[in-house]
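**Student:** Under our numbering, think of the first position of the sequence shown as 9, with each following residue one higher. Pasting in a structure now, in structure tokens, and then I'll have a few things to ask.
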Amino acid sequence: MTQHSQITHVLLLIACGSACADLERAPRASGDEGTSSEGGSETTAPVEVDVEMILAVSRAYAELEPLTEIHDLAETHADAAAVRVWGTPDARAPFESIDPDDPTLAAVFPEDTFLVKEHFDANGDMFGINVMYKAPAGYNPVANDWYWLEVRGEEITHSGRVGFCLDCHAAAINSDFVVGFGKSQ
């Protein structure tokens with residue numbers, strides 16, 4: 009898929025509306041379909057990810073670097089009263105460069121980056137995590153190759169190329185689909 013096609017697809021997603029705030033109405037995981045070639049008629053083998061490795065790193069996320077403090081305002085995920093983000097060391101500089109108040113600023117995260125967002129309820133209890141893993145090139149071209157994982161308690165609720173994750177993160181196309189925190193947060 010060309011960059012122009014990716015941008016067109018993202019703009020269509022944005023135009024169709026975001027499902028972030030209402031998870032009950034949000035589309036569920038889109039699956040791990042093959043990718044079409046430029047000709048559109050051939051199907052190539054999908055780029056694979058090491059799901060067990062992703063799960064292992066996700067379970068041990070507290071060994072990553074904390075990229076934020078706990079933020080009381082979690083406008084980016086409707087089910088959390090507060091969030092905190094952890095990441096691999098190479099994620100710090102691009103993450104800190106994101107300014108949601110200026111979506112024209114660019115940020116790029118390298119392959120094998122992990123970002124883990126803890127979700128806290130109104131009582132301050134952590135109830136789940138959302139994970140972004142920057143997979144090898146070609147895994148998820150429409151979303152710059154991000155693999156998404158949502159865990160609530162011990163249950164994996166969504167994983168892979170998750171449509172409603174892309175719906176919201178598409179607005180952050182210039183920051184490599186990573187949504188940062190405003191300077192006031």
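Ideal Cβ placement from N, Cα and C applies to all residues, glycine included. These numbers were taken from a predicted model, which means no experiment stands behind them.
On the DSSP letters alone, give me the boundaries of the beta strand (DSSP E) that residue 168 sits inside.
**Tutor:** 163-168 is the span of the beta strand (DSSP E), which, as asked, contains residue 168.
**Student:** Use the C-beta contact count for residue 188: other C-beta atoms within 10 angstroms, 16 or more gives buried, fewer gives exposed.
**Tutor:** Counting Cβ neighbours within 10 Å, residue 188 comes out buried, since at least 16 surround it.
**Student:** How would you write the range of the beta strand (DSSP E) that residue 158 sits in, first residue to last?
**Tutor:** Taken as a continuous stretch (DSSP letters only), the beta strand (DSSP E) holding residue 158 covers 154-160.
**Student:** Would you be able to state if there are at least three C-beta pairs under 8 Å between the region 177-186 and the region 140-160?
**Tutor:** Result yes; three or more Cβ-Cβ pairs closer than 8 Å.
**Student:** Which value, in whole angstroms, describes the spacing of the CA atoms of residue 33 and residue 177?
**Tutor:** Because the pLDDT at residue 33 is just 27, under 50, the model does not fix this residue reliably, and the point stays unresolved.
**Student:** Do residue 148 and residue 169 have their C-beta atoms within less than 8 Å of each other?
**Tutor:** A contact, by the Cβ cut-off of 8 Å.
**Student:** Tell me whether residue 57 sits in a helix, a strand or coil according to DSSP, three-state version.
**Tutor:** It is coil, neither helix nor strand.
**Student:** Straight-line CA distance for residue 93 to residue 102?
**Tutor:** Approximately 13 Å, taken between the alpha carbons.
**Student:** According to DSSP, what are the bridge partners of residue 126?
**Tutor:** Answer by DSSP bridge pairing, in chain order: 92 and 137.
**Student:** Just list the residues that DSSP pairs residue 74 with in beta bridges.
**Tutor:** DSSP lists 94 as partners of residue 74.
**Student:** I need the straight-line Cα distance from residue 180 to residue 96, nearest angstrom please.
**Tutor:** So the two alpha carbons sit approximately 20 Å from each other.
**Student:** Residues bridged to residue 79 by DSSP?
**Tutor:** In DSSP, residue 79 forms a bridge with 91.
**Student:** Identify, in the order they occur along the chain, each residue of the same chain with its Cβ nearer than 6 Å to the Cβ of residue 160, setting aside the five sequence neighbours on each side.
**Tutor:** For residue 160, where only same-chain residues beyond five positions count, the Cβ hits under 6 Å are 136.
**Student:** Would you tell me roughly how many angstroms separate the C-alpha atoms of residue 47 and residue 106, rounded to the nearest one?
**Tutor:** Confidence is the limiting factor: at residue 47 the pLDDT is only 42, short of 50, which leaves the residue's position unreliable, though a coordinate-based value still follows. Residue 47 and residue 106: Cα-Cα distance of roughly 36 Å.
**Student:** Taking the straight line between their C-alpha atoms, what separation do you get for residue 89 and residue 76?
**Tutor:** One C-alpha to the other measures close to 15 Å.
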